[in-house]
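Have a look at the structure below, then the notes.
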Amino acid sequence: LAGRYTLVSDQSDNLPDGASTSLSRIQGGFGYEVFDKALFKIEAVQQSHGDTAITRPAPAADSFFGLLTELSFNF
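For the sequence shown, this note's numbering gives the first residue as 4, with consecutive numbering after it.
Here is the structure:
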């Protein structure tokens with residue numbers, strides 16, 4: 004079981020007045036040991052971001068919620 008919270012803020016001097024300058028991301032998930040050297044993980048992610056180039060990942064990107072899966076192997 005794991006969780007993570009990230010907050011990023013753009014501290015530039017030449018930002019427009021009233022611009023939203025932060026990005027926040029919340030992740031939570033759990034893992035299941037499939038066998039000795041394999042771990043299956045499921046995570047939920049919610050991200051919201053502001054209006055500046057630092058906090059907005061792409062010009063037309065919207066905030067999002069999604070599910071991720073991963074299968075990791077240890078060699």
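Ideal Cβ positions, reconstructed from N, Cα and C, are used throughout, including at glycine.
How would you call residue i, buried or exposed, if buried means at least 16 neighbouring beta carbons within 10 angstroms?
i	result
Gly53	buried
Which stretch, first to last residue, makes up the beta strand (DSSP E) that contains residue i?
i	result
Phe78	Per DSSP, Phe78 belongs to no beta strand (DSSP E) and is neither H nor E.
Thr9	Ala5 to Ser12
Ser66	Element bounds for Ser66: n/a, residue is neither H nor E.
Lys40	Element bounds for Lys40: n/a, residue is neither H nor E.
Is the CB-CB distance between residue i and residue j below 8 Å?
i	j	result
Ser51	Ser27	yes
Gly34	Gly6	no
Ala47	Leu74	no
Ile45	Thr24	no
Lys40	Phe68	no
Ile79	Gln14	Since the first residue of the chain shown is 4 and the last is 78, residue 79 is not available in this structure.
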